[in-house]
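In what follows, a single structure is set out as structure tokens and then discussed.
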Amino acid sequence: MKNALWRGCSAAVLAGGMALSVLGAGAVRAEETIKVGILHSLSGTMAISETTLKDVMLMLIAEQNAKGGVLGKKLEPVVVDPASNWPLFAEKARELISKDKVAAVFGCWTSVSRKSVLPVFKELDNVLFYPVQYEGEESERNVFYTGAAPNQQAIPAVDYLMSKDGGEAKRWVLEGTDYVYPRTTNKILEAYLKSKGVASEDIMINYTPFGFSDWQTEVSKIKAFGSAGKKTAVVSTINGDANVPFYKELGNQGIKATDIPVMAFSVGEEELAGIDAKPLVGHQAAWNYFESIKTPENEAFIKQWQAYRKNPKAVTNDPMEAHYIGFNMWVKAVEKAGSTDPEKVIAALPGIEQKNLTGGTAKMLPNHHITKPVFIGEIEASGQFDVVNKTEGLIPGEAWSKQLEGSKDLEADWVTLKCGNYNTKTKKCGGA
Amino acid sequence: MTRFLALLLLLIAAPACAQAPSPYEKFASDNYSDIDAGVAGLAASGDPRAGDILAALSDGRLFYRPADKTLFIKQGPALSDARTGAPAPADDGLKLVRANTRIRRAIEAAQGQLNLASPNAGRRREAADAVFKARDVAALPALDAALARETDASVKRTLTEARAAVLLVKPGTSEGDRLSAIPPIQARGDGDAMGALRGLSADPSEAVRAAAAKGIAAIETKLALLNAAQNVWYGVSLGSVLLLAAIGLAITFGVMGVINMAHGEMVMLGAYTTFLVQELIRAKAPGLFGWSLAISIPCAFVVAGAVGVLIERFIIRFLYGRPLETLLATFGVSLALQQTVRSIFGPTNREVGAPAFMSGAFDLFGLSVTLGRMWIVAFSIAVFFGLMFVLRKTSFGLKTRAVTQNRRMAAAMGIRTPYVDAMTFGLGSGIAGIAGVALSQIDNVSPNLGQSYIIDSFLVVVFGGVGSLWGTLVAALTLGVANKLAEPYFGAVLAKIGMLVFIILFIQKRPRGLFALKGRAVES
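Going down the list, the protein sequences come from chains U and S.
Heads up, the first sequence is in the UniProt record's numbering, so the first residue is 1 and it goes up one at a time.
Heads up, the second sequence is in the UniProt record's numbering, so the first residue is 1 and it goes up one at a time.
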């Protein structure tokens, strides 16, 4: 009897204790974590590119927590799936900020998704880190662009192709998918090429729909354009899924990199994983990061990533490095500001420095873009890139292109001018 | 010991050789300009080992020792001295001589020069072609020598063309020589020839400019004809892809009247089956790789067909006669299948390899025909007639046609209509799976594969006439050829839009499509 009583008593105490500890844990958790939003498509067309970015964010957050978190608090990732649906991006961003009360959001891939969430971030005053190379012509107070602006990818790539090492191209095919990024980039490149003395008849601009798969005519058009007796190069802003059939067709029609090199801005290690790279050897890509670059930081990052994915073949790519830089910059800014309040973090971010993975230091500029090195890589049979050219030093990102009529007088500066589109001619904030 | 002696001898000999201008040391550099000069020097040197060295450089097997600039070739694990071919001891301090596009171009031109003396006529012709494309003035002596000893007529012709092309770019060629160089190039008549002639647009001589312009015009006429033929072929090829994608739908939508939005996902399942089969073959029996596609065809048919039967049994059969609900339900199935595949295989593309007989292209009277496309055209025609045979000549086909024409009468005759429905749906899905095997060769194997074909498939079936297999064939080829003929003039985006507008207008005029079925069954 005594025994039974004792048992009952201890059970009650145990249960009570457990209940208390659960409650306590809940209370502690609600108080002590900092929420970080991850806004990347996990389904739909863009899942192919964006899922890895979600994973890299989870890995970075776990690593930061292992180091003790930020400001003595643990970070808590909040993952949502906008399903490659542009209006849904805005809805999910609103949910992250107002319902989950996240301190910052890391996300978006396509420009249209970024444009779709912009009003939400402005209205609710939060921070977005955008990790993908884009067409520029934008600088917003709430957005930090950790991917390349056109002057950090497109212009150096064309410079390389014009150089002796790049093959002194004289005729240009600008081939792109039909949407805002290729159209703006090609407009900038066309103006740039003309400023370098390339005649209009030596530039061919071509657009194809998203997911285009029948490249026969396009490729034979490039072949014909390239047989005019001048060295020809293709600058490709073809996006996503359309790349694989494009390269397959190039290989099938026997166009080698020695005949007509293709310089791509959207083809990375991830995309090459889906193709047999042997016919593509020598075609090029311009990025600010390549997995094959040997630095201690990069090797550690690749090792960590492969262990995290439990896949020794998992590849790393440029936007992943951009998230790495962006996340670490955010952590430093929060520590500098002593708060996760977006207003203070936005003020603290410009000037923050973070070592990148390729042996330089990225600096957040007043225009909310960062400094980056530019590498030209040639595709190897293994599907990796051999770096054949690197810019001298780091190139600061330009929000507004110097090549375009409408934007060459604009300047973005959120530190002294407090303006994203200050017109240096009219001395007014508010664009051209 | 002997090896050591040999090395010692070499070290002693090296400075002696260095007295003569040596291209070898140029390779021991990180600067592409130096390596480029080395390649040119090597080609001109006439060294019998030049071919090996250039091949090693182009494959990334050429190394140098920074200390004394000695070159080594790596063959597997073995190392040999590049200049002598003698085996060399392993060395950790070696650096790779790097090649980029500029260097590879130089290598191709140099190999062209070197191979001009090859005993193999095919190699010599390739070499002459390479010289023609590179138009390197330095190759002229080698060309003259090769022309003098050439006996093969076709190689001789290519050599003459190459020599003419080189003469045109060589400064100081007399006007008479320039003029006589134009006809052989004009006779070649391809894009490269046009490029060579275009280079003459700034020629100081009036007569040369005129002759070049005439030559360009002649080549342009020929190329325009070829281009038209080429575009028709591209159209047939696109049409065959459309046919493959749509022919399964011609059964499920055309014959059974089910609006199956998950049709594209059956294609996707077929492509993933191909991927799995190939992985299995790569792991278990690499020798069978050439057969991987043939093995995948029945597998894909069974997998996609089985999924089709399941969909019919568990979803569609409750929705017959309610097209809107069917559309929504199958759309849901399509999303579910996509996400399932995405969870299992990941969102990234999977690599499906092409067997050797499907890679590359061949030349047919100046038309370049890619082998992969040619096989797909043949395959889609085979699938079309196979399906035709099943529907017309087998008892299962008879039952299918009976059920679709008059369900109640067929049931009264003792046909198990639910069974026939399920099997017919399975057949349509299985055919879509087979299409996936072919499409895995030209498109991305990703969870989104099917989505890019579903709209086109419906267009083809509606345009061709619902319920008519011949209509599907004609519609697919018409749309393919029309699209490809329009593409060079309007661009890919406008050509696609134009095709859609055309079909909308056509359907206004003939709502039942090209080959409309007639009869009471259709009217009701």
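Here a beta-carbon is modelled for each residue, glycine too, at the ideal position from N, C-alpha and C.
Just the Cα atoms here: how many angstroms apart are residue i and residue j?
{"i": "U:Lys221", "j": "S:Pro488", "result": "8 Å"}
{"i": "S:Leu147", "j": "S:Arg163", "result": "9 Å"}
{"i": "U:Tyr247", "j": "S:Gly436", "result": "20 Å"}
{"i": "U:Trp172", "j": "S:Arg401", "result": "56 Å"}
{"i": "S:Gly397", "j": "S:Phe384", "result": "14 Å"}
{"i": "U:Arg29", "j": "U:Glu76", "result": "Confidence at U:Arg29 is low in this model, with a pLDDT of 47, below 50, so the placement of that residue should be treated as unreliable; the coordinate-derived value is given next. Their Cα atoms are separated by approximately 10 Å."}
{"i": "S:Ala117", "j": "S:Arg124", "result": "7 Å"}
{"i": "U:Leu23", "j": "U:Val143", "result": "A caution first: U:Leu23 carries a pLDDT of 45, below 50, which makes its placement in the model unreliable, though a value can still be read off. Approximately 37 Å, taken between the alpha carbons."}
{"i": "S:Glu108", "j": "U:Gly44", "result": "44 Å"}
{"i": "S:Val155", "j": "S:Ile182", "result": "18 Å"}
{"i": "S:Met374", "j": "U:Phe210", "result": "25 Å"}
{"i": "U:Ile395", "j": "S:Ala354", "result": "42 Å"}
{"i": "U:Ala322", "j": "U:Trp414", "result": "21 Å"}
{"i": "S:Leu367", "j": "S:Phe132", "result": "20 Å"}
{"i": "U:Lys122", "j": "U:Lys115", "result": "11 Å"}
{"i": "U:Gly326", "j": "S:Val307", "result": "45 Å"}
{"i": "S:Arg102", "j": "U:Thr295", "result": "27 Å"}
{"i": "S:Asn444", "j": "S:Gly467", "result": "30 Å"}
Run through chain S and tell me which residues come within less than 9 Å of residue i, C-beta to C-beta.
{"i": "U:Tyr207", "result": "Gly491, Ala492 and Val493"}
{"i": "U:Gln253", "result": "Ala361, Ser368 and Thr370"}
{"i": "U:Thr51", "result": "Arg342, Gly346, Pro347 and Thr348"}
I want to verify the contact list: residues of chain U whose CB lies under 7 Å from the CB of residue i, in sequence order.
{"i": "S:Ile442", "result": "Ser213, Pro245 and Lys248"}
{"i": "S:Pro488", "result": "Thr217 and Lys221"}
{"i": "S:Gln113", "result": "Within chain U, no residue comes near S:Gln113; the closest Cβ sits about 15 Å away, beyond 7 Å."}
{"i": "S:Ser446", "result": "Ile48 and Asp241"}
{"i": "S:Ser452", "result": "Gly211 and Ser213"}
Quick one: list the residues of chain U neighbouring residue i, beta-carbon separation under 8 Å, in chain order.
{"i": "S:Asp192", "result": "Ser227"}
{"i": "S:Asn349", "result": "Ile48, Asp241, Val244, Glu271, Ala273, Gly274 and Ile275"}
{"i": "S:Ser380", "result": "Those within 8 Å of S:Ser380 in chain U number zero; the least Cβ separation is about 14 Å."}
{"i": "S:Gln69", "result": "Position check: residue 69 of chain S holds Lys in this sequence, whereas Gln was assumed. By Cβ distance, chain U contributes nothing, its closest Cβ being about 21 Å from S:Lys69, past 8 Å."}
{"i": "S:Gly290", "result": "By Cβ distance, chain U contributes nothing, its closest Cβ being about 15 Å from S:Gly290, past 8 Å."}
Would you decide whether residue i is buried or exposed? Buried here means 16 or more other CB atoms lie within 10 Å of its CB.
{"i": "S:Lys399", "result": "buried"}
{"i": "U:Ile34", "result": "buried"}
{"i": "S:Met409", "result": "exposed"}
{"i": "U:Trp330", "result": "buried"}
{"i": "U:Phe212", "result": "buried"}
{"i": "U:Thr416", "result": "exposed"}
{"i": "U:Tyr422", "result": "buried"}
{"i": "U:Leu174", "result": "buried"}
{"i": "S:Ile137", "result": "As written in the sequence, residue 137 of chain S is Val, which differs from the Ile given in the question. S:Val137 is exposed by the Cβ-count criterion."}
{"i": "S:Gly176", "result": "exposed"}
{"i": "U:Ser21", "result": "At U:Ser21, the pLDDT of 45 sits below 50, so the modelled position is not reliable; the number obtained from the coordinates is stated separately. By the 10 Å Cβ count, U:Ser21 comes out exposed."}
{"i": "S:Asp152", "result": "exposed"}
So which residues of chain U does residue i contact, with C-beta pairs closer than 9 Å?
{"i": "S:Tyr234", "result": "Asp214, Gln216, Thr217 and Ser220"}
{"i": "S:Ser237", "result": "Asp214 and Gln216"}
Whose Cβ in chain S lies nearer than 7 Å to the Cβ of residue i?
{"i": "U:Lys303", "result": "Within 7 Å Cβ-Cβ: nothing; U:Lys303 doesn't reach chain S, min ~20 Å."}
{"i": "U:Val56", "result": "Within 7 Å Cβ-Cβ: nothing; U:Val56 doesn't reach chain S, min ~14 Å."}
{"i": "U:Asp178", "result": "Val493"}
{"i": "U:Asp165", "result": "Tyr32, Asn100 and Arg102"}
{"i": "U:Pro87", "result": "The premise fails here: U:Pro87 is roughly 17 Å from chain S at the closest Cβ pair, so nothing lies under 7 Å."}
{"i": "U:Ala224", "result": "Gly191"}
Using a cut-off of 8 Å between C-beta atoms, extract the partners of residue i located in chain S.
{"i": "U:Pro373", "result": "Under the 8 Å cutoff, chain S gives no residues; its nearest Cβ is about 18 Å from U:Pro373."}
{"i": "U:Glu378", "result": "Asn100 and Thr101"}
Subject >> Inter-stretch contact at 8 Å, needing at least 3 Cβ pairs: the stretch 461-472 of chain S / the stretch 346-363 of chain S >> reply: Fewer than three pairs of CB atoms, one per stretch, sit closer than 8 Å, so the stretch 461-472 of chain S makes no contact with the stretch 346-363 of chain S.
Subject >> Ranges of the beta strand (DSSP E) found wholly within the stretch 25-59 of chain U, counting only runs of at least 3 >> reply: Note on the stretch 25-59 of chain U: whole beta strand (DSSP E) runs with a minimum of 3 residues are 34-39, in chain order.
Original post:
Of all the beta strand (DSSP E) runs that stay within the bounds of the stretch 51-132 of chain S, which reach a length of 3 or more residues?
Top reply: With a minimum length of 3 residues, the continuous beta strand (DSSP E) runs that stay inside the stretch 51-132 of chain S are 62-65, 70-75 and 78-81.
Original post:
For the stretch 438-471 of chain S, which segments carrying the alpha helix (DSSP H) assignment without a break, of at least 4 residues, lie completely within its bounds, in sequence order?
Top reply: Runs found: 451-464.
Original post:
Is the stretch 210-222 of chain S close to the stretch 187-202 of chain S, with three or more CB pairs under 8 Å?
Top reply: The stretch 210-222 of chain S vs the stretch 187-202 of chain S: in contact.
Subject >> the stretch 270-279 of chain S contacting the stretch 327-340 of chain S, beta-carbon criterion three pairs below 8 Å >> reply: The answer is no - the stretch 327-340 of chain S does not touch the stretch 270-279 of chain S, with fewer than three Cβ pairs under 8 Å.
**OP:** Could you say if the stretch 245-256 of chain S and the stretch 418-428 of chain S meet the contact criterion of at least three C-beta pairs nearer than 8 Å?
**Re:** Contact between the stretch 245-256 of chain S and the stretch 418-428 of chain S is present: three or more C-beta pairs spanning the two stretches fall below 8 Å.
Original post:
Of all the alpha helix (DSSP H) runs that stay within the bounds of the stretch 165-249 of chain S, which reach a length of 4 or more residues?
Top reply: Secondary structure in the stretch 165-249 of chain S: the alpha helix (DSSP H) runs of 4 residues or longer, each lying completely within the stretch, are 175-188, 191-198 and 206-249 in chain order.
**OP:** Could you name each continuous beta strand (DSSP E) segment of 3 residues or more that falls completely within the stretch 294-374 of chain U, going from the start of the chain to the end?
**Re:** Listed in chain order, the beta strand (DSSP E) elements of length 3 or more contained wholly in the stretch 294-374 of chain U are 353-355 and 361-363.
Subject >> Stretch pair the stretch 330-347 of chain U + the stretch 300-315 of chain U: three plus CB contacts closer than 8 Å >> reply: Taking one beta carbon from each stretch, the stretch 330-347 of chain U and the stretch 300-315 of chain U have fewer than 3 pairs nearer than 8 Å; the two do not touch.
Original post:
Are at least three pairs of beta-carbons, each pair with one atom in the stretch 394-409 of chain U and one in the stretch 290-310 of chain U, less than 8 Å apart?
Top reply: Flag = no, the stretch 394-409 of chain U and the stretch 290-310 of chain U do not touch.
**OP:** Answer yes if the stretch 52-72 of chain S comes into contact with the stretch 86-93 of chain S, meaning at least three C-beta pairs across the two stretches below 8 Å, and no otherwise.
**Re:** Touching, yes, given that three or more Cβ pairs across the two stretches are closer than 8 Å.
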